[in-house]
Structure formats: C-alpha cells, structure tokens
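Chains W and P are the protein sequences, given in the same order.
Heads up, my numbering is the position in the first sequence plus 31, with the first residue counted as 1.
Heads up, my numbering is the position in the second sequence plus 988, with the first residue counted as 1.
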Amino acid sequence: MHREDFEILKTNLIYFDNAATALKPKEVLAKMNEYYNEYSSNVKRGDYDLSYKADTEYENVRTIVKDFIKAHSVKEIAFTSGTTESLNLIINGYFKDKLEVNDEVLLTKAEHASNILPWFKLSKDKGIKINYIPLDNNYEVTLDNVKKAITPNTKVIALAHITNVVGDIRPLKEIIAYAHSLGILVVVDAAQSVPHMAVNVQDLDVDFLAFSAHKMCGPTGVGVLYGKEHLLENMDSLNLGGGMNESFNADGTYLLKYLPNRLEAGTPNIAGVIGLGAAINYLNNMGIDKIADYEKELKTYFINKLSLIPHVNIINKNSHSGIIAFNIEGIFSQDVAFYLNKHHICVRAGNHCAKILKDEIGIANTVRISLYFYNTKEEIDNFINLISDKNKIEKEML
Amino acid sequence: MNDEERREIILEYNSHPFNKRTINDGSYIKVNSNNESCIDNINLFIKIDNDIIKDFYFDGEACAITTSATSIMIKSLLGKSIKEALDFITNYENMINELPYNKDLLEEANVYDEIYKQQNRKRCALLPYIGLRKAIEEYKRK
C-alpha cells in the first residue's frame, strides 16, 4: 500500500528491515522541510511570528501523539531522542529513587538491550534484583508465567509490547490488570507496537510507555515518553537547562516548569518532532487498523510459503506481528543477509540487540524479516524464490 | 586466482574449518574477537612458547568469510615465530586495505585479495587478525 509515497521504493529495493527503522514518505520530509524553509526558529518562546509558529506546530504534535495513543492529557507526553532515552529516563528518573535494596523488577530474556541494561545498572548501583519471566514453548509471555514469576518483592514489570525477534504481541492488558492488583507498576517498550497496531494507553492502563518516531515513518532522533500524570509528577528531571526552568537565583535555589516541559531541557529536536506529527497524520490517514490487518495478511502469506522450504527453520511461526526470524540450515545468518543484499533485499542478521534471548531459544543469531504496509506479496514471492534454492545461496553468498 | 577458485577454497574452509575446537587449558592464551555489528564472534586459543606459536585453535559462531579466514590464518601461522606472525598480519591487513603487500608471503590467504570490492565484508576478513594481535600483545605483557 502507498508505495508511491516513498522515493526509495522507486528503485528495485526490497526493504524487509522495518523493525530496525521504517522508510520515510515524502509527506513527512516535506513537513520537516517546511519547518526549516519557512519558520525555522526556536520553540518555547513567542516573541516573533516565526517562533510562535514553530512553537504552535511543535506543541500541536503533543496533541497528535496524545490522541494517537489515547492518553488522558498532553502533560503525559514528553519528547525524547527515542525509545532508548525514554526508557533510561523512566528507569533513572522515576524508579531509581523509588526502588530499594532487594526490590525486584521482572523482565524477560527476549527484551531489547535498552530495556535490560538500564535495569542492570540500577541493580549494580542500588542492589535491586532482576528476575526473568519464563517464556513458553513459542518463546512468548503468558499471564500464568507472569503470575508465577511475581514475588512479594516485585515492584516493577518492564516488557516490550511486541518483541523485536520473536515478534509476539504480549497480553499486556491482562498482565497490567494483574500487576496493578498487587501494586506493581508496568513499563512498556512499545517501539515495535505503536507503528503497527492501535495502542490505547488508557485502555491498557499502562504506567509508562516508550516509542520512537523512526520506526513509524518519522525521522530518526525523536521518541516519546508517556507516563501517567501522577507518576510523571513524581519523576525527577534528569536533564536540567533552558526551557524547563521557571527561575533560578545566585544562591542556588531554582524552580522548574510544570509537566511536560520540566522533562525537556534544551532546544529539542524541533524538526524531528514536527516530522513525527506528520508521520502520525500519515498513518492515521491510512488507518492504523488497516495497516495492522494488511501486515497480518502479509505475514500469513509469508509464513505459509516459507514453511514449505525444507532448509528453512522458522523460529517464531506462531507470533502475530510482522516479524519473522529464521535460519537456513548450515548457512550462517550473516551469509544469508549478504546473499540477499546482492539481490537488493534488506534484512537483518544477528542477535538484534536481544543478546540473552539465546538462553531461551538456544540460537544466538537469526535472519530477521520485518514487514510494513509498503511491502507486497510480489516482494515476498521474489524472496521465496531466492531462498528456495540453497545451491544458489551457497554460490552467491560470498 | 579466479573467482571460482576463491569461492571453492573459502567454502571448503567454511564447511571444514581448520583446528576449530574449544580448548580449556590455562597454558593457552584465550582472546575473543567480535565485530561491531554484533554477529561474528570467535575465540582464539593460542599457545606461544619462546616466541613460537606452538598450538592454535578457534571456536565460535561466524560467517563463511570469518570462519575460513580464521582457518587459513591458523594453518598459515602454526609453528611460526611471533615476528613472522606480525609480519604476516601487517601484509594481510595491507592487502585487505588495498595497500602494497607481499603476495608471496600470504600464500593461501591471498584468497581474500578482492574482498575490498565488498566493503561490508572487510571486517569479517580482518576479525581473526584483530584477535591474533590482541593475543600477541597479551603474550608480550606476560
């Protein structure tokens, strides 16, 4: 769908690496150019028309984001540099002060580095404990396993909504309801879900949520930190500087602004945020449910064809997102990726930043395909043809 | 050497790597070498006595280029002195980086003389040598 909006797709490129980053449509680029060409100026001040316009456009995106994820208030939306920064701010700005020695955080071994390493550091600095929710036979999270992993010391559960290798969609609503019944907070890495499906933070009742613009057709370097207002009120401002303070005096006293400005120190990525707004408008025009349905159709088509090839081992046949992880018997994943590259197909090979997932699936590296709405069945057919012939792969992979 | 010959040698070492075995013996220097894209990941196990490489193995998960390049490196340098090994490494790196080098010295490792045509494969071919340099430095420190 909508392939004509992407300049890069006018070549013979097949782009199957959307979990890493998505392509950018001309609407998003035009909106960012408009900022640079027509009202390039700083935000959070309005002394002249240009800067008033920049500020209005920038703040308007907060409303667009709020509406997109169905947040309660724009105060709950802070702009960051991406999911990684959002998660680090949540973990160090909120939980660092709240958690005590022997408090436990529950993760899974399928999480991305950015939802593991900040917790590891907190564990080292503060003596909190990290436990892992066991994955089931499909490497997925079930409510039962969450229940089993919770102890009286569990204070936080931090999970991806959709994982970036297994691609399973976690039953968040049930997990969050259960966690809340025990007073446990839930942090969600939504980098792989917000671009691909409708996410309603109020319906999920999620406490904190993070995602990136660049995986949803927006620019790189911009992300969103969502937090319930009463939680963000208790969140420390880790970065201090311009745009976030009310006043400060020579004696060292200072006053900070209110949410969400208190969380955005310094000149933000204005063009990036404006680009994110354009990306959300773009997805909304298409309809996020329509995107989800189309991806599901592509995924089923892909799996049906791929599972017929005897030398292909699919890791996550049953997962519901547009992510497929597989290996070709006897050929290292990177060699497969190099082979596909020669045929202008972009896939990712490796551990995909989920470096402890290997403890669960017994395989360190896979080839990963991740789909988006501009992929087509024709592209999948091309791919299947290229992968079906193992001799050809061995011949051309070097 | 033509493309077909190159391919055959690399694939042969990929499917039958030379001295690929895990060594748990404290008398071997163990170094890990992995590349930034976090895929190729090899361990080298090397025993050096009186500046001579007496024994040399590797294990790990890596692509065909890294696996074959490590095999060829080990085969070429077993029994050689540290000085010879360092000379070999320098010439090999020069070849990969399109600088002047001694072709005769590199023997079978010449199979990678056109790897520069695929820039994203250069790091795979260099990976075992980065590990060997680390191992030699470690030996010298001891």
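Ideal Cβ placement from N, Cα and C applies to all residues, glycine included.
Original post:
Can you give the beta carbon distance from isoleucine 1041/P to lysine 1063/P, rounded, assuming they're within the 8 Å contact cut?
Top reply: The C-beta distance from isoleucine 1041/P to lysine 1063/P rounds to 11 Å, too long to fall under 8 Å, and the pair is not in contact.
Subject >> Whole-angstrom C-beta distance between leucine 307/W and valine 92/W, which should lie under 8 Å >> reply: Contact between valine 92/W and leucine 307/W is confirmed by a C-beta separation of about 6 Å, below the 8 Å threshold.
Original post:
Which residues of chain W have a Cβ atom closer than 8 Å to the Cβ of aspartate 1028/P, listed in chain order?
Top reply: For aspartate 1028/P, the residues of chain W that pass the 8 Å Cβ criterion are Gln365, in the order they occur in the chain.
Original post:
First and last residue of the alpha helix (DSSP H) that includes threonine 182/W?
Top reply: Here threonine 182/W belongs to no alpha helix (DSSP H), and DSSP marks it neither H nor E.
Original post:
Between the segment 1035 to 1069 of chain P and chain W, which residues of the former have a C-beta closer than 8 Å to a C-beta of the latter?
Top reply: Against chain W - using a Cβ distance shorter than 8 Å - the residues of the segment 1035 to 1069 of chain P are Glu1049, Ala1050, Cys1051, Ala1052, Ile1053, Thr1055.
**OP:** Let me know the secondary structure DSSP gives arginine 1009/P once reduced to three states.
**Re:** In the three-state scheme derived from DSSP, where H, G and I count as helix and E and B as strand, arginine 1009/P is classed as coil.
**OP:** With a 10 Å radius around its C-beta and 16 neighbouring C-beta atoms as the bar for buried, classify leucine 1120/P as buried or exposed.
**Re:** The Cβ neighbour count for leucine 1120/P, taken over all protein chains shown within 10 Å, is at least 16; the residue is labelled buried.
Subject >> Continuous alpha helix (DSSP H) stretch holding leucine 1082/P: start and end >> reply: Reading off the sequence shown, one finds asparagine at residue 1082/P, where the question assumed leucine. Here the alpha helix (DSSP H) through asparagine 1082/P covers 1070 to 1084.
**OP:** Can you give me, in chain order, the residues of the segment 385 to 406 of chain W that have a beta carbon less than 8 Å from any beta carbon in chain P?
**Re:** Cβ contacts with chain P come from Lys386, Ala395, Asn396.
Original post:
Out of curiosity, what's the CA-to-CA distance linking phenylalanine 1076/P and leucine 1066/P?
Top reply: For the pair phenylalanine 1076/P and leucine 1066/P, the Cα-to-Cα distance works out to about 12 Å.
**OP:** Return the bridge partner residues of arginine 379/W from the DSSP annotation.
**Re:** Arginine 379/W pairs with Arg399/W.
**OP:** Could you list which residues in chain P have their beta carbon closer than 8 Å to that of alanine 141/W, in chain order?
**Re:** Chain P residues near alanine 141/W: none, gap ~16 Å exceeds 8 Å.
**OP:** Give the secondary structure of threonine 94/W by DSSP, where H, G and I count as helix, E and B as strand, and everything else as coil.
**Re:** It is helical.
**OP:** Quickly, what does DSSP pair leucine 287/W with across the bridge? List them, please.
**Re:** For leucine 287/W, DSSP records a beta bridge to Asn276/W.
Original post:
DSSP on glutamate 135/W, reduced to helix/strand/coil?
Top reply: Strand, per DSSP.
Original post:
serine 154/W: which of Lys129/W, Ile392/W, Ser212/W sits nearest, CA to CA?
Top reply: It is Lys129/W whose Cα lies nearest to the Cα of serine 154/W.
**OP:** Express the C-alpha separation of lysine 389/W and valine 197/W in angstroms, rounding to a whole number.
**Re:** Taking the CA atoms as reference points, valine 197/W sits about 11 Å from lysine 389/W.
**OP:** State the Cα-Cα distance for the pair isoleucine 354/W and phenylalanine 414/W, rounded to the nearest angstrom.
**Re:** Isoleucine 354/W and phenylalanine 414/W: Cα-Cα distance of roughly 15 Å.
Subject >> Bounding residues of the beta strand (DSSP E) (the contiguous stretch that carries lysine 1018/P) >> reply: Segment 1017 to 1022, the beta strand (DSSP E) holding lysine 1018/P.
**OP:** Report the three-state DSSP secondary structure of asparagine 169/W (helix, strand or coil).
**Re:** Note: asparagine 169/W maps to coil in three-state DSSP.
Original post:
Within 8 Å (strictly less), CB to CB, does arginine 1132/P reach chain W?
Top reply: Because chain P is modelled from 989 through 1130, residue 1132/P falls outside the range shown and cannot be assessed.
Subject >> Segment contact, 8 Å Cβ cut-off, at least three pairs: the segment 389 to 404 of chain W with the segment 1010 to 1021 of chain P >> reply: Below 8 Å, too few C-beta pairs join the segment 389 to 404 of chain W and the segment 1010 to 1021 of chain P to call them touching: fewer than three.
Subject >> Selected residue, minimal CA-CA separation from lysine 426/W, among Asn1038/P, Ile1103/P, Ala1052/P >> reply: Considering only alpha carbons, the answer is Ala1052/P.
**OP:** Write down the C-beta distance between glutamate 171/W and alanine 385/W rounded to the nearest angstrom, noting that I regard them as a contact closer than 8 Å.
**Re:** In this structure glutamate 171/W is not in contact with alanine 385/W, their Cβ atoms being roughly 14 Å apart against a cut-off of 8 Å.
Original post:
Of all the residues that make up the segment 302 to 326 of chain W, which are near chain P by a beta-carbon distance shorter than 7 Å?
Top reply: Cβ contacts with chain P: none found.
Original post:
Is aspartate 199/W near leucine 216/W, with beta carbons less than 8 Å apart?
Top reply: Not a contact, by the Cβ cut-off of 8 Å.
Original post:
Helix or strand or just coil, what does DSSP make of leucine 190/W?
Top reply: DSSP places leucine 190/W in strand when its eight states are reduced to three.
Original post:
Would DSSP call alanine 109/W helix, strand or coil?
Top reply: Three-state DSSP puts alanine 109/W in a strand.
**OP:** In the DSSP assignment, find the unbroken alpha helix (DSSP H) run with glycine 306/W in it and report its ends.
**Re:** Following the DSSP letters along the chain, one finds glycine 306/W inside the alpha helix (DSSP H) bounded by residues 301 to 317.
**OP:** Helix, strand or coil for alanine 1113/P, going by three-state DSSP, please let me know.
**Re:** Helix at alanine 1113/P.
Original post:
Could you give the C-beta distance for lysine 246/W and alanine 53/W, rounded to a whole number, given that I count them as a contact under 8 Å?
Top reply: Right, their Cβ atoms sit about 5 Å apart.
Original post:
In the DSSP assignment, what are the bridge partners of serine 243/W?
Top reply: Beta-bridge partners assigned by DSSP to serine 243/W: Gly254/W.
Original post:
In three-state terms, what does DSSP make of isoleucine 164/W?
Top reply: Coil at isoleucine 164/W, not helix or strand.
Original post:
alanine 109/W and leucine 256/W: beta carbons closer than 8 Å?
Top reply: Yes, the Cβ-Cβ distance between alanine 109/W and leucine 256/W is below 8 Å.
Subject >> Closest Cα partner of glutamate 107/W within the set Ile159/W, Lys55/W, Gln233/W, Met32/W >> reply: Residue Gln233/W is the option with its Cα nearest to glutamate 107/W.
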